[in-house]
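Novice: In this note's numbering, the protein residues as written are 0 to 376.
Backbone N, C-alpha and C define an ideal beta-carbon position, used for all residues, glycine too.
Mind having a look at this structure? Questions to follow.
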Ligand code: BMA
């Protein structure tokens, strides 16, 4: 039923989207592979979205660093299409990120993803450049005020961006080409838990941080392989979403993070599906007007206690939404996971979700050849 409705809808949706498809990335000197990826993400979103998982190749609930292994593959036999990584602690020149994934291994995983035709996205849980002893989660007010007023802090932040630039530039494919990545800094900005969150800086300060970062990486360091993703947490309206939007010249992909947290009191209504749909529809309108690609950049239901979460909760949110991708968060340990693993009760449901024609996992994505020039269809 749902599927028929979607297919009928797809045609008009497809046509309207094809009018704005194929806009270039904000980096005019982006590599051909990066431009192709962006164009292909735009085109693909008319069919539906890629499925992604954070740090999927590095570890799962009960394993780590087993060559070829993947949580997604353990359950469906196929890899996810999008792979999330995090650069937190790279700013200090450390060898492993904040979740202990060595940066060298991360580079090799990103190369594996590229070789198998998937997509890499990087977030950055960076520490506080004004007081580096503080993590992303230290809710320090006025960090941004000081960052741009204090020369020492500003110099430190630039040195952190230097590390990021070198890391991205060293992600190389088999022919020496830079591997395209989606870079998603300063995420969940509408929340209050990071030092760059809404209560801790002004709108102008946040926008300044974003533009400074993009200008530095793009124009000064000439990193040619990035697509920049702006991603909020929960928002109430279009105006709310755009309040800190840095501008069309600074963003390629727009998205949001939203987790499913059912109310502890089961008598209370669970608002996740309607809320996520409302947010997706707002994103849809904004992305069509501004010619941006859209995505659900993080989601998930912690510990997956619902047997049919994939087809009955996530699918209705992402279906017919023109999203380029949806990514569920990491499988860290038995008490902290968002993608299931074999033996969990929603495994059967995940396999049904995998079979949805509108979703793209590894094999279908590889067939799309995202890094090649768009073929007329
Ligand atoms: C959070 C949790 C943390 C982790 C952080 C960065 O949501 O998963 O355990 O350190 O993301 O990956």
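1. Going by beta carbon distance, what residues of the same chain come within less than 7 Å of residue 20, once the five residues before and after it are set aside?
2. Check the C-beta distance from residue 205 over to residue 194 and give it rounded, since I have them as a contact under 8 Å.
3. Compute the Euclidean distance between the alpha carbons of residue 212 and residue 164, then round it to the nearest angstrom.
4. Does the count of Cβ pairs from the segment 344-364 and the segment 77-85 closer than 8 Å reach three?
5. If you draw a straight line from the C-alpha of residue 247 to the C-alpha of residue 229, how long is it?
6. Go through its chain and collect everything with a Cβ distance to residue 202's Cβ below 8 Å, but skip five positions before and after it.
7. Can you give me the C-alpha to C-alpha distance between residue 216 and residue 282, rounded to a whole angstrom?
8. State yes or no: is the C-beta of residue 124 nearer than 7 Å to some heavy atom of the ligand BMA?
9. Flag residue 137 as yes when its Cβ comes closer than 7 Å to any non-hydrogen atom of the ligand BMA, and as no otherwise.
10. Tell me whether residue 87, by its Cβ, gets closer than 7 Å to a heavy atom of the ligand BMA.
11. Between residue 303 and residue 277, what straight-line distance do the alpha-carbon atoms span, to the nearest angstrom?
12. Rank 319, 186, 119, 350 by C-alpha distance to the C-alpha of residue 82 and give the top, closest one.
13. Going by alpha carbons, who is nearest to residue 47 out of 337, 298, 30, 324?
14. Which same chain residues, not among the five before or five after residue 69, have their C-beta less than 6 Å away from its C-beta?
15. From residue 349 to residue 59, what distance separates their C-alpha atoms?
16. How would you label residue 99, buried or exposed, when you count the other beta carbons within 10 angstroms and need 16 or more for buried?
17. Which residue comes first and which comes last in the alpha helix (DSSP H) that contains residue 286?
18. Considering only residues of the same chain and omitting the five flanking positions on each side of residue 166, which have a CB-CB separation below 8 Å?
19. Can you have a look at residue 179 and say buried or exposed, based on whether 16 or more other CB atoms are within 10 angstroms of its CB?
Specialist: In terms of the structure at hand:
1. Residue confidence is low: residue 20 scores 48 on pLDDT, short of 50, so the model does not pin down where it sits. Its coordinate-derived value is still stated next. Cβ neighbours of residue 20 beyond the five flanking positions: 41, 42.
2. That belief does not hold up - the Cβ atoms of residue 205 and residue 194 are roughly 11 Å apart, past 8 Å.
3. As the crow flies, the alpha-carbon of residue 212 is around 11 Å from that of residue 164.
4. The segment 344-364 vs the segment 77-85: in contact.
5. About 11 Å.
6. Cβ within range, chain order: 242, 243.
7. Here the alpha carbons of residue 282 and residue 216 stand approximately 26 Å from one another.
8. Checking the Cβ of residue 124 against the ligand BMA gives yes.
9. Of the heavy atoms belonging to the ligand BMA, none sits nearer than 7 Å to the Cβ of residue 137.
10. Result yes, Cβ under 7 Å from the ligand BMA.
11. Annotation: residue 303 to residue 277 spans about 23 Å, alpha carbon to alpha carbon.
12. Among 319, 186, 119, 350, the Cα nearest to that of residue 82 belongs to 119.
13. The option with the nearest alpha carbon to residue 47 is 324.
14. Closer than 6 Å at the Cβ level, and outside the excluded window around residue 69, lie 55, 56, 78.
15. Rounded to whole angstroms, residue 349 to residue 59 spans 16 Å at the Cα level.
16. Exposed: under 16 other Cβ atoms inside 10 Å.
17. That run of the alpha helix (DSSP H) goes 271-289.
18. Answer for residue 166: 86, 89, 102, 106, listed in chain order.
19. With 16 or more Cβ atoms within 10 Å of its Cβ, residue 179 is classed as buried.
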